[in-house]
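Reading through the structure tokens given below for one structure.
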Amino acid sequence: MKDHESSASPRLAVITGAVTGIGASLAELLAAQGWRLVLLNRSAERTAPLLERLKDIGGSASCEVIETDLADHAALQDSALQIAGRYGAVDALFNNAGVLREDLVISSMGNEMHFEINTVAPYLLTHVLRKALKSAARSSGRAVVVTPSTSAIKSTKHFDIENLRKGTRGGLFGAYAQSKLAWAVLNAHLAESFDQDGIELFAVDPGVNRTGMTAGTGAPLPVRLLWRLLPKPAMGAKRLTAVLGDEWRGRSGALVMGGKARPIPADGMNDQQVSKLLATMRESIPQADGYPGLIDRNNDDREHSSSDAKEDKL
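25 is the number of the first residue of the sequence shown in the numbering used here; add one for each residue after it.
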């Protein structure tokens, strides 16, 4: 299907990291509302149990799984272009996949893994799907991009852009919080440009939920000790989908915590820091010239980028 047929057509949502946890709950919640789904997961085999549940929940609503590695830029772009070519329009993108580790690991692309998955992957996927999101917005009046945030960024005293690519400390309050703060800044910075296409961007804290992430060694010990008392991931899914409601229309760029828009902490939004972060994003995608639609290759950050920036080619 190349065109978004009508506003009455089932809406299409793309979800990353929908195997278990909040991603699976997101898929179940949206399927129950009649959405069509595309799940970007590392393993179709591991997604099979969720697909069986979705058949019972969603009835005739369609669901496709595309295997991809979010830490592989070429694979991620190919998957996004496959979605755009097959469906033509994407009503909602949930950059749900995330990493919270105790240790620091460098991806094959040369980026610390928290930064790679929590910041670079949403950045790349959001840009490559921009035209498909714009197509949906033309039809329905609005498309939405939702990326999970965390309350841990409130404790971040300093935005350590210089060390985003290599990380200096793992765990919730280390590289994880820095990577999430980086996306909150990007989310706010990109909002005005994407809004011109009817695309609204939100960074949303889903809260602390009972997931594999909060059970892992990257989570603080008190969280792990109280893990069985945490809310089920369906609670986080509801918080992420809340911004699809009309009450959030026109509030693109918001950092949402506890159902309210909150200011970005630390020194993330001053012009110098934004410029440094955009430069870091360019460095983080080493084959940027081969990836059409990236922020540094269109007019989204022309005021911050060099004079040789090119127009969007996607």
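From the three backbone atoms N, C-alpha and C, an ideal C-beta is built for every residue, glycine too.
Short Cβ contact (8 Å threshold) for residue i with residue j
i: A258; j: S49; result: yes
i: L100; j: L148; result: yes
i: T157; j: V114; result: The question names Thr, but residue 157 in the sequence shown is Leu. Yes; because the gap between Cβ atoms is below 8 Å, this pair is in contact.
i: T235; j: I81; result: no
i: R35; j: A104; result: no
i: S308; j: N119; result: no
i: V209; j: V298; result: yes
i: L188; j: F139; result: yes
i: S276; j: F218; result: yes
i: A227; j: A201; result: no
i: K262; j: L53; result: yes
Residue i burial status per 10 Å Cβ neighbour count (16 or more: buried)
i: G194; result: buried
i: R70; result: exposed
i: D229; result: buried
i: R273; result: exposed
i: G317; result: With a pLDDT of only 48 at G317, under the threshold of 50, the placement of this residue in the model should not be trusted; the figure read from the coordinates follows. Answer is buried; the Cβ neighbour count reaches 16.
i: T192; result: exposed
i: P146; result: buried
i: K204; result: buried
i: T150; result: buried
i: G58; result: exposed
First through last residue of the beta strand (DSSP E) which encompasses residue i
i: L64; result: R60 to N65
i: I107; result: Where I107 is concerned, there is no enclosing beta strand (DSSP E), although the alpha helix (DSSP H) it sits in stretches over H97 to Y111.
i: A121; result: No beta strand (DSSP E) contains A121, which DSSP labels as neither H nor E.
i: A167; result: A167 to P172
i: T40; result: L36 to T40
Extent of the continuous alpha helix (DSSP H) run through residue i
i: P146; result: A145 to V152
i: V209; result: A201 to D219
i: E91; result: Premise fails: E91 lies in the beta strand (DSSP E), C87 to E91, not in any alpha helix (DSSP H).
i: A56; result: G45 to A56
Which runs of the alpha helix (DSSP H), 4 residues or longer, sit entirely within the segment 282-314?
Every alpha helix (DSSP H) of 4 residues or more that sits fully in the segment 282-314 is shown, in chain order, as 295-308.
Unbroken alpha helix (DSSP H) runs of length 4 or more, entirely within the segment 221-265: which are they?
Every alpha helix (DSSP H) of 4 residues or more that sits fully in the segment 221-265 is shown, in chain order, as 236-239, 245-249 and 257-265.
Count Cβ pairs between the segment 289-309 and the segment 246-255 that sit closer than 8 Å; are there 3 or more?
Output reads no: the segment 246-255 does not touch the segment 289-309.
Does the segment 278-294 come within contact of the segment 195-202, defined as at least 3 CB pairs closer than 8 Å?
Between the segment 278-294 and the segment 195-202 there are fewer than three C-beta pairs closer than 8 Å, too few to call the two in contact.
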